[in-house]
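One point on numbering: in this note's numbering, the residue at position 41 of the sequence shown is 61, and numbering is uninterrupted.
Even for Gly, the Cβ is constructed at its ideal location relative to N, Cα and C.
Just below is one structure, and these are the notes that go with it.
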Amino acid sequence: MQPPDDITTYPAVTLVKLIRERQISCLEVASAFLRKIDRINPGLNAFCTVLHDQAIEAARNADDAIAQGAPLGQLHGVPVALKDLTPTAGIRTTRGSRLFANFVPEDDAEIVKRIRRAGAIVIGKTNTPEFGHKGETNNLIFGQTRNPWNPERTPGGSSGGSAAAVAANLVPFAEGSDGAGSIRIPAAMCGIYGFKPSYGRIPDVAGPFSSHTPFFHNGPLARSVEDAVLLYQAMAGFDVSHPFSVPASGDVLPTLDSGVKGLRVAYSPDLGQFAVAACVRQVCRDAAKAFERAGCIVDEVAVDFGPDLEESFMILWRAKLATVYSELPDEQLALLEPVVQKLIEDGKAMTAVGYGKANLVRERVWSALTRIFSEYDFLICPTTAVPAFKSADGPPSRIDGIDVNSLIGWFLTYPFNLTGNPAASVPCGFSEDGLPIGLQIIGPRLSDDRVLRASRAFEKAAPWPSPQERKNTPDVV
Numbered sequence: 021m022q023p024p025d026d027i028t029t030y031p032a033v034t035l036v037k038l039i040r041e042r043q044i045s046c047l048e049v050a051s052a053f054l055r056k057i058d059r060i061n062p063g064l065n066a067f068c069t070v071l072h073d074q075a076i077e078a079a080r081n082a083d084d085a086i087a088q089g090a091p092l093g094q095l096h097g098v099p100v101a102l103k104d105l106t107p108t109a110g111i112r113t114t115r116g117s118r119l120f121a122n123f124v125p126e127d128d129a130e131i132v133k134r135i136r137r138a139g140a141i142v143i144g145k146t147n148t149p150e151f152g153h154k155g156e157t158n159n160l161i162f163g164q165t166r167n168p169w170n171p172e173r174t175p176g177g178s179s180g181g182s183a184a185a186v187a188a189n190l191v192p193f194a195e196g197s198d199g200a201g202s203i204r205i206p207a208a209m210c211g212i213y214g215f216k217p218s219y220g221r222i223p224d225v226a227g228p229f230s231s232h233t234p235f236f237h238n239g240p241l242a243r244s245v246e247d248a249v250l251l252y253q254a255m256a257g258f259d260v261s262h263p264f265s266v267p268a269s270g271d272v273l274p275t276l277d278s279g280v281k282g283l284r285v286a287y288s289p290d291l292g293q294f295a296v297a298a299c300v301r302q303v304c305r306d307a308a309k310a311f312e313r314a315g316c317i318v319d320e321v322a323v324d325f326g327p328d329l330e331e332s333f334m335i336l337w338r339a340k341l342a343t344v345y346s347e348l349p350d351e352q353l354a355l356l357e358p359v360v361q362k363l364i365e366d367g368k369a370m371t372a373v374g375y376g377k378a379n380l381v382r383e384r385v386w387s388a389l390t391r392i393f394s395e396y397d398f399l400i401c402p403t404t405a406v407p408a409f410k411s412a413d414g415p416p417s418r419i420d421g422i423d424v425n426s427l428i429g430w431f432l433t434y435p436f437n438l439t440g441n442p443a444a445s446v447p448c449g450f451s452e453d454g455l456p457i458g459l460q461i462i463g464p465r466l467s468d469d470r471v472l473r474a475s476r477a478f479e480k481a482a483p484w485p486s487p488q489e490r491k492n493t494p495d496v497v
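Okay, here's the thing in structure tokens:
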């Protein structure tokens, strides 16, 4: 008989099978993860809210449903974590901000309703920076989330709490959101898998005509591609209230292992304009060979998104925050972090013409990707330009002697939020000091199945270890 806490190392697909076969109860599963959270989370700070009582009650109800022969959802009895940006009925949702420190939504977001209908047990909410505004995870309410590979390092962000929880086996999988790379960045830095679907595959939490459109995507973080697909399929699907919604792509699992033999892969070390650390370049270049082993044709390509990409994205990002928060009274504005206040003030000063020109840059990025995908099936590049940096130091302002924007200049993810393309990050290797590095896989719009199959092919060709396997210890922090 396995010790109860060994349950926390099982893949979600295994837990689903064992629960359905009645080899293990939902209560045993939930209890094992809660014990692990109680032991590890005080040092990791991945969860900002742990739902002990609610999770135990939900697990007992899930066991009763099995005993009664009720129809079971595809995630029945499996614990899941939700990012603290995502509205949850009756559960505090702070958005990482003192402004919402005591906010309790009345309704679940549509994706939460779908996750619950699939039978998953919501075990807690995970930490995020204020409004998810940056690629690291700390805030003025809950403090710093740590990286399971090295507690001095950032887990990335803004879904850093979700990524750290998954990497540390505190939960089988977690929901995240991605407005500039916020699923893929922490997936890369925590050595797990993260998937940002095509815009419209999953209903937008922010609202169809909000200032977040089309940057904001929800998606899964997991320790394997197969587990991520389980959670993705529970969230995906047409939503009549969302005018940009598209139907789900069907059940991906039966074809997930069909391979990528004969497909053409475009490889770029830097997307033509990002400074990338030498160790990341080398690891990602070596990782590209895994696709050759899987039967793909891999070519290095030139990518040209034009000279104004970074500033145009910043214009759109400032406008997003200013649209939502510009009318706050001074006493509420003062509760926000200084960098968020500055982004809002800069957004208020922008002109409609400036905003329109920034959207023209989006067209240029789309056209550049269209040219690439006219010849290639998917594009690969580094996810982040650096491995996880020390939390105390903050993000880099120079990479290999080149000045970069410390807010967005060190990750290669946000161009694909501008266009809504599906994009994933797969763990592909390690830096000299043992920190995970991620490889990004991008496909044409609505080619989500292809990106998932490519991710699975890479996973099989170059399997990735967990922090526990790498460090040979059951406790990672």
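Using alpha carbons as the reference points, say which of Ala474, Arg40, Glu347 lies closest to Ser445. The residue given as residue 445 occupies position 425 in the sequence shown. Looking at the Cα atoms, Ala474 is the closest of the given residues.
Identify whether Asp128 lies in helix, strand or coil by the three-state DSSP scheme. The sequence position of residue 128 within the sequence shown is 108, counting from 1. In this structure, Asp128 counts as coil in the three-state DSSP scheme.
Which whole-angstrom value is the C-beta distance of Pro442 and Asp420, which I expect to be below 8 Å? For the purposes of this step, residue 442 is taken as the residue at position 422 of the sequence shown. For the purposes of this step, residue 420 is taken as the residue at position 400 of the sequence shown. About 30 Å separates the two Cβ atoms, so there is no contact after all.
Using the Cα positions of Gly97 and Asn122, report the straight-line distance between them to the nearest angstrom. Within the sequence shown, the letter at position 77 stands for residue 97. Within the sequence shown, the letter at position 102 stands for residue 122. Rounded to whole angstroms, Gly97 to Asn122 spans 29 Å at the Cα level.
Excluding the 5 residues preceding and the 5 following Val385 in the sequence, name in chain order all residues of the same chain whose CB lies nearer than 8 Å to its CB. Locating residue 385 in the sequence shown gives position 365, counting from the first residue. Hits under 8 Å: Phe325, Gly326, Leu329, Pro435, Leu438, Thr439.
Taking 8 Å as the threshold, find out whether the region 216-227 comes into contact with the region 250-263 through three or more Cβ pairs. yes
Using the C-alpha atoms, what's the distance from Asp366 back to Val124? Residue 124 sits at position 104 when you count from the first residue of the sequence shown. Residue 366 sits at position 346 when you count from the first residue of the sequence shown. Taking the straight line joining both Cα atoms gives about 30 Å.
Alpha-carbon spacing of Pro240 relative to Ile203, whole angstroms: The residue you call residue 240 lines up with position 220 of the sequence shown. The residue you call residue 203 lines up with position 183 of the sequence shown. Each residue's Cα considered, the two are about 8 Å apart.
Where do the ends of the alpha helix (DSSP H) carrying Asn65 lie? Within the sequence shown, residue 65 is the residue found at index 45, counting from 1. Run containing Asn65: none; DSSP gives neither H nor E here.
Determine whether the beta carbon atoms of Ala242 and Tyr396 lie at a separation below 7 Å. Residue mapping note: residue 242 aligns to position 222 of the sequence shown, counting from 1. Residue mapping note: residue 396 aligns to position 376 of the sequence shown, counting from 1. No, these two residues do not count as a Cβ contact at 7 Å.
Does the pairing of the region 331-344 with the region 310-321 give three or more beta-carbon distances under 8 Å? no
By Cβ distance, which residues of its chain are closer than 8 Å to Arg476, with the 5 residues on each side in sequence left out? Working through the sequence shown from its first residue, we reach residue 476 at position 456. Counting only Cβ-Cβ distances below 8 Å, and skipping sequence neighbours, we find Val245, Glu246, Leu276, Asp277.
Could you pull the start and end residues of the beta strand (DSSP E) that Arg204 belongs to? Position 184 of the sequence shown holds residue 204. Element bounds for Arg204: not the beta strand (DSSP E) but the alpha helix (DSSP H), 204-210.
Could you give the DSSP three-state label for Asp259: helix, strand or coil? Mapped onto the sequence shown, residue 259 falls at position 239. Coil at Asp259, not helix or strand.
What residues are listed by DSSP as bridge partners for His237? Counting from one through the sequence shown, the residue named residue 237 turns up at place 217. For His237, which the question treats as bridged, DSSP gives the partners Asp198.
Integer-rounded CB distance, given that Ala482 should sit under 8 Å from Cys448: Within the sequence shown, the letter at position 428 stands for residue 448. Within the sequence shown, the letter at position 462 stands for residue 482. Correct: roughly 7 Å between the Cβ atoms.
Return the first residue and the last residue of the alpha helix (DSSP H) that Ala322 is part of. For the purposes of this step, residue 322 is taken as residue 302 along the sequence shown, with counting starting at 1. Note, Ala322: premise wrong, no alpha helix (DSSP H); not H, not E.
What three-state label does DSSP hand Asp423 in the structure shown? Within the sequence shown, residue 423 is the residue found at index 403, counting from 1. In this structure, Asp423 counts as strand in the three-state DSSP scheme.
Candidates Ile44, Gln43, Phe67, Arg42: which alpha carbon is nearest Leu54's? Residue mapping note: residue 54 aligns to position 34 of the sequence shown, counting from 1. When each option's Cα is compared against that of Leu54, the closest is Phe67.
6 Å CB neighbourhood of Gly144 in its chain, flanking five on each side removed: For the purposes of this step, residue 144 is taken as the residue at position 124 of the sequence shown. Within the same chain, Gly144 has close Cβ partners Phe67, Thr69, Val70, Leu71, Ala101.
Any idea which residues DSSP pairs Phe398 with across the strands? As a position in the sequence shown, residue 398 is number 378, starting the count at 1. Val285, per the DSSP bridge assignment.
Who are the near neighbours of Asn492 in its chain, counting only those whose CB is closer than 7 Å to its CB and skipping five residues on each side? Position 472 of the sequence shown, counted from the start, is the residue given in the question as residue 492. Confidence at Asn492 is low in this model, with a pLDDT of 46, below 50, so the placement of that residue should be treated as unreliable; the coordinate-derived value is given next. So no residue of the chain qualifies.
In angstroms, rounded to a whole number, what distance separates the CA positions of Ile462 and Val471? For the purposes of this step, residue 462 is identified with residue 442 of the sequence shown, where counting begins at 1. For the purposes of this step, residue 471 is identified with residue 451 of the sequence shown, where counting begins at 1. Roughly 7 Å separates the two Cα atoms.
Quick one: Cα of Phe151 to Cα of Gly116, how far? Here residue 151 refers to the residue found at position 131 when the sequence shown is read from its first residue. Here residue 116 refers to the residue found at position 96 when the sequence shown is read from its first residue. Their Cα atoms are separated by approximately 6 Å.
With distance defined between alpha-carbon atoms, name the residue in Leu64, Ala307, Thr371, Ala308 nearest to Arg338. Position 318 of the sequence shown, counting from 1, holds the residue named residue 338. Considering only alpha carbons, the answer is Thr371.
With a Cβ-Cβ cutoff of 7 Å, do Ile114 and Ser411 count as a contact? Numbered from 1 along the sequence shown, position 94 holds the residue referred to as residue 114. Numbered from 1 along the sequence shown, position 391 holds the residue referred to as residue 411. As written in the sequence, residue 114 is Thr, which differs from the Ile given in the question. Cβ distance not < 7 Å, so Thr114 and Ser411 don't count as in contact.
By alpha-carbon positions, which one of Pro171, Pro149, Leu95, Gly163 ends up nearest to Arg137? Taking the first residue of the sequence shown as position 1, residue 137 is located at position 117. Ranking Pro171, Pro149, Leu95, Gly163 by Cα distance to Arg137 puts Leu95 first.
Would you mind stating whether Pro149 and Gly177 have Cβ atoms separated by less than 7 Å? Counting from one through the sequence shown, the residue named residue 149 turns up at place 129. Counting from one through the sequence shown, the residue named residue 177 turns up at place 157. Cβ atoms of Pro149 and Gly177: closer than 7 Å.
Under a three-way DSSP split, which group does Arg313 fall into? Within the sequence shown, residue 313 is the residue found at index 293, counting from 1. Note: Arg313 maps to helix in three-state DSSP.
If you follow the beta strand (DSSP E) that Pro435 is part of, which residue opens it and which one closes it? For the purposes of this step, residue 435 is identified with residue 415 of the sequence shown, where counting begins at 1. No beta strand (DSSP E) holds Pro435; the alpha helix (DSSP H) holding it covers 435-439.
Does DSSP put Ile505 in a helix, in a strand, or in coil? Because residue 505 is not part of the residues shown, which for the chain are 21 to 497, the question remains open.
Give me the Cβ distance between Ile400 and Leu459, rounded to the nearest whole Å; I'm assuming they're in contact under 8 Å. Counted from its first residue, the sequence shown places residue 400 at position 380. Counted from its first residue, the sequence shown places residue 459 at position 439. With 8 Å as the limit, Ile400 and Leu459 qualify as a contact, their Cβ atoms being about 6 Å apart.
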